[in-house]
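These notes are about the structure you will find just below.
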Amino acid sequence: MAEIRSPTSSVPDILWADAPPAVAHPAPKLLLAALVAIVGDQLLYERNLGISVALFLGLLGLAVAVANPLRASLRDRCGAILILLAGLLPLVEGVGLLSVTSGIFGTALFAAGIRGAFSQGVRSAGLTVGNLLVVGPFRLIPDLATISQRIPLRRLTERLQASLLGWLVPLLLCCLFASLFASANPIIDAWLADLEWSIPAADLDTLRLLAWGILLSVAWAFVTARRVMARGQGPGNFVPALPPTVATGLNRWIDVSLVLRSLILFNLLFALQSGLDLAYLWGGVALPSGITYASYAHRGAYPLILTALLAAGFVLVALRPGGPGEGSRTIRGLVYLWIGQNVLLVVSALLRLDLYVATYSLTLPRAAAFVWMGLVGAGLILILARIALRRTNTWLIAANGLILAATLYACAFVNVAGFVADYNLAHSRRAGTPFDAYYALSLGPQAIPAVDRWLVDETTRQNGVVAWRNELAAAQIGRMADWRAWTFRDGRLLGYLQGHRYAPTPGGAGTP
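Letter by letter, the sequence shown follows residues 0 to 511 in numbering that gives the first Met the number 0.
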């Protein structure tokens, strides 16, 4: 085993990783990484991103399985495969920040799983994924330098020649069989004709060379995936306790009387805020002159969420294991009351945001704010559960992480641009307010169906909107001509656009 030590670290919990597999047989792994990088270049470089991202990440997962010994049990291997498929599924639906993140972490967790990290606990899996994603892409040059130092040049040359010969013959035979199949099968012949076998010298610019280097580094990280574990702690305790000096300092400054007085004042202050919200937002009491419900909602939504987060931090410090409030029933009762008020605060913030959206329509940041506020509310409830059940902060972090991951994963399947456009159109019809077609089109081609329904209802032709809409539609149809750009979401939109290539005129007829 090879230890990974920080030159300045004195922490006894030393991380250790599997010995670098690249040292034993570098040539096959390097060749495999190069092949993955070549395929990645064909799938991703200067291409419209779509199903190609899922294919590339799936190829990385396959490279891990081919190049490394599978140390996991059959159950862990099946679990890793399910995680990989679940992580790539959002990319098949549509490409976006959330779906790409899901795919990357799904592939990394698959690599950790088949290398046996699952059997070592949550901490080992987390460390392996972190090492793979953060450290792995920067390992190519140091690994090659280490190989060249450990193996004499003559011996390295002999190994490379033997390895290349062992791969060259099978590859040449595969090419021969492929040419025979192509001559006998027109479909295979068409597939081979569509591939770009040669790259013009003019394309070998600095940017493409940089892309090759990045792809090769990423492929090398997965081909030489290493399991990382921690020595000295159990698998579940991946959050170390506070150092004694820090805990003593906190106990000196934060005693029982300070926590008690703080909670009393906090509860009174929060009760005042909650009472105002209950009166103005829930009770229908008229606001003072000069203040509208929209301005009242807008000024309060985000500060209330920040307040709730600060409150959560105070609770975690005050009721930490060994803290001043852990054994006091009075403090625990005040904490329950305060967290309940914080939950009410989040609900008020959601209502404020809903009132603001009702006046000024929905936008992408406001949609994200709804999700964020819901997560904050769930986190507060989990803090309450942690105190009532006497769980550890490790449990709290794991539970919050699980809810966050599940929420973001679910959001990756949502057509947010289409949802926002549809919502704003329905709201404008219901409230009798103007529909902002220009903002809808700024969201991208997924808003085209909503804009088309709005154009049908318009009594006059909106030339600026029509021109922009038709440009987006043409660009989307052209983009989908490349199979790499295909996703389920874009495929559904393409089916709509093929029947509605041009914007409709008032009354419902399409423009020729």
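The beta carbon of each residue, even a glycine, is placed where N, CA and C say it ideally should be. On a predicted model such as this, the values are computed, not experimentally measured, just so you know.
Tell me, to the nearest whole angstrom, how far the beta carbon of Leu-374 is from that of Ile-402; I am working on the premise that it is less than 8 Å.
7 Å
Helix, strand or coil at Leu-503 according to DSSP, with G and I counted as helix
The residue asked about is misnamed: residue 503 is Pro in this sequence, not Leu. Pro-503 falls in the strand class under three-state DSSP.
If you measure between the beta carbons of Ala-218 and Leu-59, is that distance less than 9 Å?
yes
Length of the line joining the Cα atoms of Leu-214 and Leu-61:
15 Å
Where Leu-407 and Thr-432 are concerned, what is the direct C-alpha to C-alpha distance, given to the nearest angstrom?
32 Å
So for Asn-67, helix, strand or coil by DSSP?
coil
Buried versus exposed call for Phe-137 [16 or more other C-beta atoms within 10 Å across all chains shown]
exposed
First through last residue of the alpha helix (DSSP H) which encompasses Thr-329
328-359
If you scan the stretch 401-486 from start to end, which runs of the alpha helix (DSSP H) of 4 or more residues do you find wholly inside it?
415-430, 436-441, 447-456, 462-478
Cβ distance (whole Å) where Gly-105 is taken to contact Ala-124 below 8 Å:
Not really, about 13 Å apart at Cβ, beyond 8 Å.
Pull up the distance between the alpha-carbon of Ala-367 and that of Arg-483, whole angstroms please.
29 Å
Look at the Cβ atom of Leu-379, then the Cβ atom of Ala-311, and state whether they are nearer than 9 Å.
yes
Under 7 Å Cβ to Cβ from Trp-453, same chain only, skipping five residues before and after it: list those, please.
Leu-424, Phe-434, Ala-436
Does Arg-390 come out as helix, strand or coil in the three-state DSSP assignment?
coil
Return helix, strand or coil for Asn-266, following the three-state DSSP convention.
helix
Glu-45 - DSSP class collapsed to helix/strand/coil
coil
Contact between the stretch 467-483 and the stretch 46-54 (3+ Cβ pairs under 8 Å):
yes
With Asp-75 and Phe-117 assumed to form a contact (beta carbons below 8 Å), what rounded beta-carbon distance in angstroms separates them?
5 Å
Status (buried if at least 16 other CB within 10 Å, exposed otherwise) for Val-415
buried
Closest to Gln-445 by CA distance: which of Leu-315, Leu-56, Ala-472, Arg-385 is it?
Ala-472
Please classify Ser-273: does DSSP put it in a helix, a strand, or coil?
helix
DSSP on Thr-362, reduced to helix/strand/coil?
coil
Just how far apart, CA to CA, sit Arg-122 and Gly-274?
44 Å
Would you kindly check if the distance between the Cβ of Arg-468 and the Cβ of Leu-440 is under 9 Å?
yes
From what residue to what residue does the alpha helix (DSSP H) around Gly-78 run?
73-92
Secondary structure of Thr-223, DSSP reduced to three states:
coil
Assuming contact is defined by CB atoms lying nearer than 9 Å, are Ile-330 and Val-258 in contact in what I supplied?
yes
Under three-state DSSP, which class holds Val-217?
helix
Can you list, in chain order, the residues of its chain with a C-beta nearer than 7 Å to that of Asp-421? Leave out the 5 residues immediately preceding and following it.
Ala-449
Thinking C-alpha only, which one of Ala-71, Phe-265, Leu-343 is nearest Asp-276?
Leu-343
Pull up the CB-CB distance for Ala-404 and Leu-97, whole angstroms please, since I reckon it's below 8 Å.
At roughly 11 Å, the Cβ-Cβ gap does not stay under 8 Å, so Ala-404 and Leu-97 are not in contact.
Give a yes or no on whether the minimum CB-CB distance between Leu-315 and chain B is below 9 Å.
Of the protein chains in this structure there is only one, and it is not chain B.
What number of angstroms, rounded off, separates the C-alpha of Ala-278 from the C-alpha of Gly-477?
55 Å
Within 10 angstroms of its Cβ, does Thr-486 collect 16 or more other Cβ (buried), or is it exposed?
buried
Which residue comes first and which comes last in the alpha helix (DSSP H) that contains Ala-124?
121-129
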